[in-house]
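**Student:** Here it is, the structure, as structure tokens.
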Amino acid sequence: MIIREAKINNSIKRLDIMQNKLSTDINPDILKIIQAHFSNLEELELQEEIAIHGQLLQLKHGETLMDYGGFIKLVPLVVKGVIKIIREDENGNEIFLYFIQGGESCTMSFSCCIQNKRSEIRAEVEDDAIIIGIPVQHVDAWMSKYQSWKNFIMSSYDARINELIYAIDSIAFSKMDERLINYLEDKSHALDTKTIHTTHQNIAHDLNASREAVSRLLKKLEKEGTVKLGRNKIELL
DNA sequence: ACATTAAGTGATT
DNA sequence: AATCACTTAATGT
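See below:
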């Protein structure tokens, strides 16, 4: 598989500054990927359009895909890997919102690009990822042209809104324990492993909580037998 | 062996 | 649940 490497400035790749590809050829790699990972996108014509206009991008852990205030020129379809979506306040307090993984797309980017608004969130690569970037003008145009594209976007909204509602009430009712469990399960599922390699400090940062609180809750979970703890390591049982 | 970083604990607010 | 102060444990040099 041929993967086009985009230029990297200080290891940051931003969708709002990437250039569109000037080509009318169908990229056979993209076509295969779409058929294998995005089977919901049924119309062959749509698949071919994605293969013509999409750009295959490889992203490494820690890169920033999208940042606050940025305009978006490409909407990412995540083929492989995991993208972490984060919200941040004026003081730099970050709060983890959700992960995007293979077969999914970034819902926030739809609303941003369709209404040409600036990003309200930050997207970071959590696990090395491969994405197909769709230039925004097509995202909009395909909505009325292809039923399955519209459905894809709508169900993406639906899934995300449900997640956000859950996130809101666990934050509003300060259910730290639930948030932690949810975070661990989410991460385990996204990275497809039972063993999570991270520190209590990092988790605390994502959940906007104190390290001690996370440590204590994890300790409690260990006593209950739901996890096994190690240095830089949490095993889900 | 020593320094650094991660994690555990109790007390206080 | 946050913060502080401190201890203990693991890991790197």
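For reference, each letter of the first sequence is one residue, going 4 to 240 in the working numbering.
For glycine and all other residues, C-beta sits at the position ideal for the given N, C-alpha and C.
Model, not experiment: these values are computed from the prediction.
With a threshold of 16 other CB atoms inside 10 Å of the CB of leucine 80, please say whether the residue is buried or exposed.
**Tutor:** Its Cβ being crowded by 16 or more others within 10 Å, leucine 80 is buried.
**Student:** At which residues does the alpha helix (DSSP H) containing aspartate 195 begin and terminate?
**Tutor:** Premise fails: aspartate 195 is in no alpha helix (DSSP H) and is neither H nor E.
**Student:** If you draw a straight line from the C-alpha of isoleucine 55 to the C-alpha of tryptophan 152, how long is it?
**Tutor:** Isoleucine 55 and tryptophan 152: Cα-Cα distance of roughly 16 Å.
**Student:** Strictly by DSSP, which residues pair up with glycine 136?
**Tutor:** Per DSSP, Gln58, Pro79.
**Student:** Looking at the secondary structure, which residues open and close the beta strand (DSSP E) in which tyrosine 101 lies?
**Tutor:** Where tyrosine 101 is concerned, the enclosing beta strand (DSSP E) stretches over 97-104.
**Student:** If the criterion is Cβ atoms closer than 8 Å, does the pair leucine 221 and leucine 232 meet it?
**Tutor:** In contact: leucine 221 and leucine 232 (Cβ atoms closer than 8 Å).
**Student:** Quick one: give me the first and last residue of the beta strand (DSSP E) that glutamate 215 is part of.
**Tutor:** Unbroken run through glutamate 215 is the alpha helix (DSSP H), 214-227; no beta strand (DSSP E).
**Student:** For leucine 47, is the classification buried or exposed, using 16 other Cβ atoms within 10 angstroms of its Cβ as the cut-off for buried?
**Tutor:** Burial call: exposed.
**Student:** On the criterion of 16 or more Cβ atoms from any shown chain inside 10 Å, does methionine 157 qualify as buried, or is it exposed?
**Tutor:** The residue is exposed, with fewer than 16 neighbouring Cβ atoms inside 10 Å.
**Student:** Grab the span of the beta strand (DSSP E) containing lysine 178 for me, first residue to last.
**Tutor:** Segment: none, lysine 178 is in no beta strand (DSSP E) and carries neither H nor E.
**Student:** May I have the straight-line CA-CA distance separating leucine 210 from aspartate 28, to the nearest angstrom?
**Tutor:** Taking the straight line from one Cα to the other gives about 44 Å.
**Student:** Cβ atoms of alanine 132 and leucine 77: under 8 Å apart, would you say?
**Tutor:** Not in contact: leucine 77 and alanine 132 (Cβ atoms no closer than 8 Å).
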